[in-house]
Every structure is written in C-alpha cells, then in structure tokens.
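K.L.:
The sequence shown finishes on residue 315 if you use this note's numbering, and the numbering steps up by one all the way, no holes.
Each residue gets a CB set at the ideal place from its N, CA and C atoms; glycine is no exception.
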Amino acid sequence: MLERTCLLLFIVHAFAYANDVLPEAPNCGHQIIDSAMELRRVAQEGEFPWTVLLKYDGAHPYRCVGSLINDRYVLTSAVCVSAKNYIMIGVVVGVHRLHEDARSKFYGIEMVIRHEHFEDGKNQFDHDIALIKVNDTVKYSGYVQPICLSKSASLLQPEDKVIVTGWGMNAEGDPVDTKKVIIRRVIADDVCKDKFAKYSVTVGDGCLCTDTLKGFKDYSCAGDGGAPVVVKSGGTWYQVGIVSFGGTCGHDFPDGNTRISKYIPWITSNLV
Ligand SMILES: *[C@@H]1O[C@H](CO)[C@@H](O)[C@H](O)[C@H]1NC(C)=O
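Now the structure itself:
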C-alpha cells in the first residue's frame with residue numbers, strides 16, 4: 044500500500060510540473076510532413092506546426108508571430124508584447140490560413156514575461172525575447188506541435204540556410220493569408236555589425252544575423268516579428284532564432300534575430 048501511494052505521488056508530481064520543462068527530441072521538432080530545407084512560398088497544411096499567431100485587440104489583430112515551446116508557453120520577441128497601443132488578447136495555434144478555424148484554437152493569456160533588460164525604443168535590440176504563458180494546457184495534434192530549442196551555438200555556421208515561418212507581409216509588401224515559408228542564410232557577426240553600424244544600430248552578441256540567400260527573394264517583413272527561425276538537424280527541427288529587427292522588407296540587407304542558444308538559461312529559469 045505504501046509503495047502504491049509513493050508511485051501515485053510521483054505521477055501526480057510529474058504531471059503537476061510538466062509545464063516548467065522544455066521537451067527534448069523526439070518530443071519536439073517533428074511534423075506530419077517530413078519537409079526539407081527548400082524553397083516554397085507557403086507551407087503545406089501541417090508543416091511548421093509550432094508557428095503561433097499572436098492576436099491583438101482592434102481592427103488589425105495580426106501583427107506578430109511566436110512559437111510553441113511546450114504545452115503552456117509561447118516564445119516571441121519582447122517588441123511584440125511591448126507596444127502600449129496594441130493589446131495582445133491571446134494566441135492562436137494550429138493556424139494554416141488566417142481567418143480559417145478548422146484546426147486552429149485560441150488560448151487566452153495567463154502571464155507575459157518580458158526580458159527584464161530589454162529596452163524599448165532605442166537603437167539596439169538586445170534581449171528581444173518574451174514568454175507568453177497561456178491560460179490552459181495546449182492540446183497537441185498533427186497541426187499543433189512544440190519546437191525544440193537549440194542549446195548549442197555551434198549548430199549554425201555562416202552560409203547555413205534557415206527557415207522563418209509567419210504571416211507577415213510578402214516581399215512586395217502585400218498581406219498574406221497562408222503561412223509563409225521564408226529561406227534566409229546565416230551571416231558572420233562582424234559582417235552584420237558593420238552593416239548595421241552605418242545606421243547607428245548596435246548589434247550585440249545575443250543576435251543571430253541572417254540575410255538574403257543568393258538567388259532567392261525571401262525576406263522577413265512587417266508582421267513577422269517574434270517568428271521562429273528554425274533549422275533541421277538529424278531529422279529534428281530546432282529553433283535557433285526569433286525574428287527581431289531588420290532593414291526595409293524586399294531589400295538585400297541583414298536581419299537581426301534573437302539567438303536562442305544564448306537565452307536558454309533565461310527561458311528555463313522563467314518557466315514556472
Ligand atoms: C482563457 O482565456 C480566454 C480568453 O480570455 C477565456 O475565454 C477562457 O475561458 C480562459 N480559459 C481558462 C481555462 O481559464
């Protein structure tokens with residue numbers, strides 16, 4: 044009888060604390076379509092199922108993107124939770140096309156945790172990271188899955204391809220309806236720092252810089268803030284960045300993305 048009680052306690056404990064841990068492969072970074080790192084304008088249904096739409100109050104509800112990192116938390120940029128004139132009301136998971144809710148589900152917000160050293164409105168974007176705790180346990184499906192987070196900076200080298208998914212504008216500046224898939228390439232930190240220095244923007248070491256891949260016309264644009272930057276490694280998808288800042292959409296200029304591997308300690312210490 045005593046043994047049985049212990050076992051029960053253990054199970055209850057494990058469930059009660061499940062939302063403060065990050066999943067490890069193979070419990071994250073998998074999708075029903077085993078897609079490759081290749082060019083396509085839009086996702087197929089079920090591709091990149093960790094991509095989350097943030098929803099705001101008012102006439103323009105879709106301004107930012109996030110990623111599902113476990114069954115209670117969405118990762119996004121601090122900018123996306125900072126604008127005083129835009130009130131975030133929740134997140135939508137399982138979205139393929141905007142305004143279509145066959146498989147999507149809305150969750151309200153329990154808590155927003157913004158990086159304590161992020162400073163809004165300066166010419167630097169250090170610590171552009173935030174967590175949104177939703178007010179209920181997110182139900183996983185083929186269309187709703189968490190992404191694995193990359194713990195190692197060495198997963199990426201300059202020239203490596205990365206994928207960004209979201210519902211921001213396209214390269215022509217038009218709104219999109221279906222989940223976009225953008226390919227960018229990693230560039231060296233010093234190259235990136237030099238390019239932004241010309242515009243008096245300071246790029247810190249928490250930044251993962253990407254720019255246009257030769258022969259491609261893919262750009263992170265307005266509305267893609269907070270979007271996951273991912274790579275596939277050993278059959279599992281890992282998030283390596285969060286879309287943070289960049290030049291004018293449609294121009295071959297670098298983007299700054301928050302570098303996930305640098306913020307793993309911050310993320311894990313803020314999951315409660
Ligand atoms: C979560 O929040 C939403 C929107 O605010 C609300 O409709 C819903 O009832 C809440 N769910 C729980 C479990 O509290």
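#1: Do the segment 137-152 and the segment 188-202 touch if we need at least three Cβ pairs shorter than 8 Å?
#2: Between Lys305 and Ala196, what straight-line distance do the alpha-carbon atoms span, to the nearest angstrom?
#3: Counting only the same chain and skipping the five closest in sequence on each side, list residues whose C-beta sits under 8 Å from that of Val124.
#4: Smallest Cα separation from Ile190: which of Ser263, Gly284, Ala102?
#5: By DSSP's criteria, Pro271 is part of a beta bridge. Which residues make up the other side?
#6: Suppose you measure from the CA of Asn178 to the CA of Pro92; what does that come to, to the nearest Å?
#7: Confirm, please, whether the CB-CB distance from Asp298 to Ile263 is below 7 Å.
#8: Determine the closest residue to Val117 out of Val95, Leu141, Ala126, Asn128, with distance taken between C-alpha atoms.
#9: Along the beta strand (DSSP E) that carries Ser110, what are the first and last residues, could you check?
#10: Quick check on DSSP: helix, strand or coil for Ser24?
#11: How would you write the range of the beta strand (DSSP E) that Leu63 sits in, first residue to last?
P.N.:
Here's the rundown:
#1: no
#2: The residue labelled residue 305 in the question sits at position 262 within the sequence shown. The residue labelled residue 196 in the question sits at position 153 within the sequence shown. If I take the Cα positions, the gap works out to 8 Å.
#3: Numbered from its first residue, the sequence shown carries residue 124 at position 81. Answer for Val124: Met131, Val155, Arg157, Ala173, Ile175, listed in chain order.
#4: Stepping through the sequence shown from its first residue, residue 190 is reached at position 147. Closest by alpha carbon: Gly284.
#5: Along the sequence shown, read from residue 1 onward, the residue named residue 271 stands at position 228. In the DSSP output, where bridge partners are listed per residue, Pro271 has Ile285.
#6: Taking the sequence shown and counting its residues from 1, the one referred to as residue 178 is at position 135. Taking the sequence shown and counting its residues from 1, the one referred to as residue 92 is at position 49. Whole-angstrom Cα-Cα distance: 20 Å.
#7: As a first step, residue 263 is located in the sequence shown; it is residue number 220 there, counting from the start. As a first step, residue 298 is located in the sequence shown; it is residue number 255 there, counting from the start. A quick correction: the sequence has Ser, not Ile, at residue 263. Yes; because the gap between Cβ atoms is below 7 Å, this pair is in contact.
#8: Within the sequence shown, numbered from 1, the residue matching residue 117 stands at position 74. The shortest C-alpha separation from Val117 is found at Val95.
#9: In the sequence shown, the residue the question calls residue 110 occupies position 67. That run of the beta strand (DSSP E) goes 108-111.
#10: Residue 24 falls outside the range modelled here, since the chain spans only 44 to 315, and no answer is possible.
#11: Residue numbering aside, residue 63 sits at position 20 when the sequence shown is read from its first letter. Sequence check: residue 63 is Asp here, not Leu. Premise fails: Asp63 is in no beta strand (DSSP E) and is neither H nor E.
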